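With the first letter of the sequence shown counted as 1, position 300 gets the number 299 in numbering that gives the first Met the number 0; the numbers rise by one all the way through.
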Amino acid sequence: MDGPLIDPHGRAVTYLRVSVTDRCDFRCLYCMAEDMTFLPKKDVLSLEELEVICSTFVERGVTKLRMTGGEPLVRRDVMWLFRQLSRHLVTGALDELTLTTNGSQLERFSDELADIGIRRINVSLDTLEEDKFTEITRWGRLEKVKAGLNAAKRAGIAIKINTVALRGFNDDEFNNLVQWCGDEGFDLTFIEVMPMGEIGEEARLGQYMPLSMVRAKLNESWSLRDIDYSTGGPARYVEVKETGGRVGFITPMTHNFCESCNRVRLTCTGILYMCLGQEDTADLRTAVRAKDNGTALMNTIDDAIGRKPKGHDFIIDRRRRDPSVPRHMSVTGG
Ligand code: SAM
Ligand code: SF4
């Protein structure tokens, strides 16, 4: 089999997100429990196996790769993987190699990331107040992330800040975040909290706030104009007249963006999720370990894309006690 990956709903799959590890140096309250059980190391794909799978997707028309996690930059020798994959940037097969990170290791890795050809990164940051930062990440230090952001900026990497909108936590900071990102030259995207993984659903009910409320709050202070800008992801953007910056909104809970979905997700154990919000998977670990010149891998990928569902169905409501999706975001990556 060869040629582009087209799903049964006519959508071309051109974007692969790869969770290179489920481990993390933070424990964000909405993402992980404090005492997380991580995947056994023996189940985790080697960097070489991840490289083979990613390159196979590139061969089949994937033009955008995003490395995520857990925290991608805490996996040992992960730069080797990025460097190997960057050869597809040189040939032009890949338009973009990028990553989503919590920023804690950026001070150390920014120059190398830039050298490899990484032009843009997403950095998750939910608050600009030090105490609150340590509270939401359980362990993190804002100062370290800010130093990392400066290093990335100096290295010439464009930065988008991802902020999860959390009622009663950062809903008094949205204006500050818009101003700060405008001053720093960062894009900013707000995300609705999704019901993924067991963290205590009472806590999540309290956290959830629809982004229509975020936008309404921002409208009181800023002139927002809808723009056509897209980075290939699901965010819808506005331009902030006063700062000249862009603000995006990712609304999985209140607006279904599945009709334009172009992506699939790979976990660090080689499980392919065809939809973030559904349970159906394909086992690429067995396929990549078959000694058959990649035939099993190609066939398993084709079969999986042939099963990509039409959409997801997240629910946060008071009748449900379980999260709609039992796995944590750190497994499939954000
Ligand atoms: N550790 C990296 C980071 O924090 O950027 C990459 C992985 S993290 C799982 C990716 C994104 O998912 C982050 O922006 C995080 O805020 C978001 N996230 C995690 N759990 C979430 C949830 N339950 N709902 C919405 N976003 C979530
Ligand atoms: Fe770690 Fe990112 Fe999850 Fe926070 S959101 S716990 S930084 S994986």
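For glycine and all other residues, C-beta sits at the position ideal for the given N, C-alpha and C.
All values derive from a computational prediction rather than experimental measurement.
Taking residue i as the reference, give the member of the options with the closest Cα.
{"i": "Gly68", "options": "Phe25, Glu238, Ala92 and Cys274", "result": "Phe25"}
{"i": "Ser211", "options": "Asp186, Asp170 and Gly243", "result": "Asp170"}
{"i": "Glu58", "options": "Tyr29, Tyr14 and Glu33", "result": "Tyr14"}
{"i": "Arg74", "options": "Val177, Phe108 and Asp1", "result": "Phe108"}
{"i": "Leu72", "options": "Val144, Tyr29 and Cys53", "result": "Val144"}
{"i": "Leu44", "options": "Val61, Leu265 and Ile117", "result": "Leu265"}
{"i": "Arg137", "options": "Ile115, Tyr29 and Ala164", "result": "Tyr29"}
{"i": "Asp1", "options": "Asp301, Thr99 and Leu271", "result": "Asp301"}
{"i": "Cys27", "options": "Leu46, Gly139, Asp94 and Asp42", "result": "Gly139"}
Whole angstroms is fine: what's the gap from residue i's alpha carbon to residue j's?
{"i": "His8", "j": "Gly305", "result": "9 Å"}
{"i": "Leu367", "j": "Asp21", "result": "Nothing can be reported for residue 367: it is not among the residues displayed for the chain, which extend from 0 to 333."}
{"i": "Glu201", "j": "Gly276", "result": "Below a pLDDT of 50, predicted positions are generally treated as unreliable, and Glu201, at 49, falls in that range; no measurement from the model is reported."}
{"i": "Thr299", "j": "Asp6", "result": "14 Å"}
{"i": "Cys267", "j": "Leu84", "result": "16 Å"}
{"i": "Cys260", "j": "Val51", "result": "24 Å"}
{"i": "Trp221", "j": "Gly184", "result": "17 Å"}
{"i": "Met273", "j": "Thr250", "result": "19 Å"}
{"i": "Glu191", "j": "Asn292", "result": "42 Å"}
{"i": "Phe248", "j": "Asn121", "result": "14 Å"}
{"i": "Val77", "j": "Asp110", "result": "15 Å"}
{"i": "Arg10", "j": "Pro233", "result": "14 Å"}
{"i": "Lys63", "j": "Arg82", "result": "15 Å"}
{"i": "Lys40", "j": "Thr285", "result": "16 Å"}
{"i": "Glu278", "j": "Thr36", "result": "20 Å"}
{"i": "Asp34", "j": "Ser103", "result": "20 Å"}
{"i": "Ile226", "j": "Arg235", "result": "8 Å"}
{"i": "Glu219", "j": "Pro308", "result": "39 Å"}
{"i": "Gly310", "j": "Cys257", "result": "5 Å"}
{"i": "Ile117", "j": "Leu38", "result": "28 Å"}
{"i": "Cys23", "j": "Thr294", "result": "34 Å"}
{"i": "Gln178", "j": "Glu47", "result": "42 Å"}
{"i": "Asp94", "j": "Gly231", "result": "11 Å"}
Residues in its own chain within less than 7 Å of residue i by CB, not counting five upstream and five downstream?
{"i": "Arg224", "result": "Val237, Glu238 and Lys240"}
{"i": "Leu49", "result": "Val17, Val19 and Leu80"}
{"i": "Phe173", "result": "Val213, Lys216 and Leu217"}
{"i": "Ile158", "result": "Ile120, Val122, Leu148, Ala151, Lys152 and Phe185"}
{"i": "Thr126", "result": "Phe132, Ile135, Asn169 and Glu172"}
{"i": "Tyr228", "result": "Tyr236 and Arg245"}
{"i": "Asp42", "result": "Thr268"}
{"i": "Cys53", "result": "Leu15, Val17, Leu64 and Leu84"}
{"i": "Ala146", "result": "Glu106"}
With the cut-off set at 7 Å, would you say residue i and residue j are in Cβ contact?
{"i": "Glu70", "j": "Asn101", "result": "yes"}
{"i": "Ala303", "j": "Ala281", "result": "yes"}
{"i": "Thr162", "j": "Leu148", "result": "no"}
{"i": "Leu96", "j": "Leu88", "result": "yes"}
{"i": "Leu187", "j": "Ile156", "result": "no"}
{"i": "Pro3", "j": "Gly60", "result": "yes"}
{"i": "Val287", "j": "Val12", "result": "no"}
Going by beta carbon distance, what residues of the same chain come within less than 8 Å of residue i, once the five residues before and after it are set aside?
{"i": "Asp182", "result": "Thr242"}
{"i": "Ile115", "result": "Met78, Phe81, Arg82, Ser85 and Leu96"}
Going along the chain, which residues of its own chain have a beta-carbon closer than 6 Å to the beta-carbon of residue i, five neighbours each way excluded?
{"i": "Leu141", "result": "Glu129 and Phe132"}
{"i": "Arg352", "result": "Residue numbering for the chain in the displayed model covers 0 to 333; residue 352 lies beyond these limits and cannot be assessed."}
{"i": "Arg319", "result": "Only weak support is given to the placement of Arg319: the predicted model assigns it a pLDDT of 47, under 50, and the question is left unresolved by the model."}
{"i": "Thr55", "result": "Leu296"}
{"i": "Ser123", "result": "Asn101 and Asn161"}
{"i": "Cys180", "result": "Ile160, Leu187 and Gly244"}
{"i": "Phe189", "result": "Thr162, Ala164, Leu210, Val213 and Phe248"}
{"i": "Leu98", "result": "Met66, Pro71 and Ile120"}
{"i": "Gly334", "result": "Here the chain covers residues 0 to 333 and nothing more, so residue 334 does not appear."}
{"i": "Ala113", "result": "Ala154, Gly155 and Ile156"}
Could you tell me which uninterrupted beta strand (DSSP E) segments, each at least 3 residues in length, are contained entirely in the region 116 to 165, listed from first to last along the chain?
-> 119 to 123 and 157 to 164
Any alpha helix (DSSP H) of 4 or more consecutive residues that is wholly inside the region 50 to 96 | Those alpha helix (DSSP H) runs which fall completely within the region 50 to 96 and span 4+ residues are 77 to 84 and 86 to 90.
Taking only runs that begin and end inside the region 252 to 283, name each unbroken beta strand (DSSP E) of 3 or more residues, in chain order.
-> Fully enclosed beta strand (DSSP E) runs of 3 or longer: 262 to 265, 270 to 272 and 280 to 282.
Which runs of the alpha helix (DSSP H) spanning at least 4 residues fall entirely within the region 203 to 235, listed in chain order?
-> Fully enclosed alpha helix (DSSP H) runs of 4 or longer: 210 to 218.
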